[in-house]
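**Q** One structure follows; several queries about it will come next.
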Amino acid sequence: MNIALLLSGGTGTRLGADIPKQYLGVSGKPVISYSLERLSCHSKIDTIWIVAEAMWQKQIMKWLPEYDPRHKCRGFSLPGANRQLSILHGLEDMKAYAGESDYVLIHDAARPLLSEELITNCLEALHGHDGVLPVLPMKDTIYASRDGKMITSLLDRSCLFAGQAPEGFCFGKYYEANRRLGAEEILKINGSTEPAVMAGMDIVMIPGDENNFKITTTEDLERFRGWLQGKL
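Numbering-wise (our numbering), the sequence shown opens with residue 7 and increments by one.
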């Protein structure tokens, strides 16, 4: 079984809006609806689990008839203090029906331009591996600085990649990798794949999608609007 875990618990403070970015309306639809609908309509996704605050769970349920046309949403979890703790909350609740060998794809509701092709590529790449991470190569010269003022060293950009979502994992192994993290340790995790790497899981990289950007700033939101309007 292939399960999509859709993260929608962020507050979106950097955008400066009155409501979290994933619930803002763009072209007549909430941002979360774009990835939710894509996941629902993908033939290889069996179920969807959503992490969201209680007040927004009620609103999402009202949207489901329109944006979950295949009726795949199975339930909700409450978010944690950071993204990784939100993931763990979702995994713990999903254990009620998810099997050890099932696959889980973790995606951000604030990445609305998720393509059918990327979902398919992630699921196909999982076969024979413990996890998969879509990545983009670094285009700019990358420098390291210990104090944020002086350049310490030049990094080899051919060995550096920017991670995207959805990140896919073998459910059982990934759940255990997260469960073994201490309470303080999990709060230091920055990327979903980090616990898997720490646990020695076999993670393969695949090409990401330039359009699959995350809405974080006002500029990102305008870029998304422009893409929908065919201006970019």
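Backbone N, C-alpha and C define an ideal beta-carbon position, used for all residues, glycine too. From a predicted model like this one, the values you see are computed outputs, not experimental measurements.
For my contact list, LEU13 and ARG89 are in at a C-beta cut-off of 8 Å; report their separation, rounded to the angstrom.
**A** Sequence index remark: in the sequence shown, residue 13 carries index 7 (1-based). Sequence index remark: in the sequence shown, residue 89 carries index 83 (1-based). Their Cβ separation, rounded to whole angstroms, is 7 Å, which keeps LEU13 and ARG89 in contact under 8 Å.
**Q** Suppose you measure from the CA of GLU122 to the CA of HIS48; what does that come to, to the nearest Å?
**A** Here the question's residue 122 lines up with position 116 in the sequence shown. Here the question's residue 48 lines up with position 42 in the sequence shown. The alpha-carbon atoms of GLU122 and HIS48 are separated by roughly 7 Å.
**Q** Could you tell me which whole beta strand (DSSP E) segments of length 3 or greater appear in the stretch 116-169?
**A** 137-143, 148-150, 159-161, 167-169, all fully within the stretch 116-169.
**Q** Could you tell me the alpha carbon to alpha carbon distance between LYS27 and LYS50, rounded to whole angstroms?
**A** Locating residue 27 in the sequence shown gives position 21, where the first residue counts as 1. Locating residue 50 in the sequence shown gives position 44, where the first residue counts as 1. Each residue's alpha carbon lies about 28 Å from the other.
**Q** Would ILE9 and LEU111 qualify as a contact pair, given that the criterion is a beta-carbon distance under 9 Å?
**A** Counted from its first residue, the sequence shown places residue 9 at position 3. Counted from its first residue, the sequence shown places residue 111 at position 105. Cβ atoms of ILE9 and LEU111: closer than 9 Å.
**Q** Does the contact criterion of 3 or more C-beta pairs under 8 Å hold for the stretch 162-169 versus the stretch 138-148?
**A** Yes: at least three Cβ pairs fall under 8 Å.
**Q** Grab me the residues of VAL210's own chain with a C-beta within less than 7 Å of its C-beta, minus the 5 sequence neighbours each way, in chain order.
**A** If you number the sequence shown from 1, residue 210 lands on position 204. Only ALA131, HIS135, VAL138 meet the Cβ criterion.
**Q** Would you check if the distance between the CB atom of ASN218 and the CB atom of PRO201 is smaller than 9 Å?
**A** Counting from 1 along the sequence shown, the entry for residue 218 is found at position 212. Counting from 1 along the sequence shown, the entry for residue 201 is found at position 195. Against a cut-off of 9 Å, the Cβ pair of PRO201 and ASN218 comes out as no contact.
**Q** Could you name the residues of the same chain whose beta carbon sits closer than 6 Å to that of ILE125, not counting the 5 residues immediately before and after it, in chain order?
**A** For the purposes of this step, residue 125 is taken as residue 119 along the sequence shown, with counting starting at 1. Excluding residues within five positions, the ones whose Cβ falls inside 6 Å are HIS48.
**Q** For ARG76, I'd like the list of residues in its chain whose CB is within less than 8 Å of its CB, leaving aside the five on either flank, ordered along the chain.
**A** Translated into the one-based positions of the sequence shown, residue 76 becomes position 70. These residues qualify, in order along the chain: SER46, CYS47.
**Q** Under the rule that 16 or more other beta-carbon atoms within 10 Å means buried, what is ILE148, buried or exposed?
**A** Here the question's residue 148 lines up with position 142 in the sequence shown. That one is exposed.
**Q** Take the Cβ of SER151 as the centre, count every other Cβ of all protein chains shown within 10 Å, and call the residue buried at 16 or more, exposed below.
**A** The count along the sequence shown starts at 1 and reaches residue 151 at position 145. Under this definition SER151 is an exposed residue.
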